[in-house]
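Engineer: Residue numbers (the working numbering): 2 to 92. Don't be surprised by glycine CBs; every beta carbon is placed ideally from N, CA and C. No experiment lies behind these values; they were computed from the predicted model shown. I'd like to ask some things about the structure below.
Printed below as a string of structure tokens:
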């Protein structure tokens, strides 16, 4: 099994490193088919999982919001889920 334990996340002003489990998902699912917003290249969720396994994290930090309860919530559920594709329960 492959899993990334730490996420670099950014809010409005800064970036910091958090345990992956400390960041919640903002929705229950992710879409399978994707398009890179910069290059326009099509890829799938499986492609992203394989890239994470092979190359580790690529790209900018994950966008998160600090909610009223003080917990962090991801706005980028696909990248977060692809770090640990066997993860079933959503927090």
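For residue 78 and residue 31, which I take to be in contact (beta-carbon distance under 8 Å), what is that distance rounded to the nearest angstrom?
Structural biologist: The residue given as residue 78 occupies position 77 in the chain shown. The residue given as residue 31 occupies position 30 in the chain shown. The C-beta distance from residue 78 to residue 31 rounds to 5 Å, short enough to fall under 8 Å.
Engineer: Can you tell me which of the three DSSP states residue 34 falls into?
Structural biologist: As a working note, residue 34 is residue 33 in the chain shown. If DSSP states are grouped into helix, strand and coil, residue 34 belongs with the strands.
Engineer: Give a yes or no on whether 7 Å exceeds the smallest Cβ distance from residue 19 to chain C.
Structural biologist: Absent here is chain C; the protein component of the structure consists of one chain.
Engineer: Residue 50 by DSSP, collapsed to three states: which one?
Structural biologist: If you number the chain shown from 1, residue 50 lands on position 49. Helix, per DSSP.
Engineer: Helix, strand or coil for residue 88, going by three-state DSSP, please let me know.
Structural biologist: By 1-based counting over the chain shown, the position of residue 88 is 87. Residue placement at residue 88 cannot be trusted, given a pLDDT of 48 that sits under 50; the coordinates are not used to answer.
Engineer: Short check: CB of residue 67 to CB of residue 73, under 7 Å?
Structural biologist: As a first step, residue 67 is located in the chain shown; it is residue number 66 there, counting from the start. As a first step, residue 73 is located in the chain shown; it is residue number 72 there, counting from the start. For residue 67 and residue 73, yes; Cβs fall inside 7 Å.
Engineer: With a threshold of 16 other CB atoms inside 10 Å of the CB of residue 89, please say whether the residue is buried or exposed.
Structural biologist: In the chain shown, counting from the first residue as 1, residue 89 sits at position 88. Residue confidence is low: residue 89 scores 45 on pLDDT, short of 50, so the model does not pin down where it sits. No coordinate-derived value is stated.
Engineer: Helix, strand or coil: which one does DSSP assign to residue 22?
Structural biologist: For the purposes of this step, residue 22 is taken as residue 21 along the chain shown, with counting starting at 1. Residue 22: helix per DSSP, three-state reduction.
Engineer: Tell me the DSSP bridge mates of residue 45?
Structural biologist: Translated into positions along the chain shown, residue 45 becomes position 44. In DSSP, residue 45 forms a bridge with 34.
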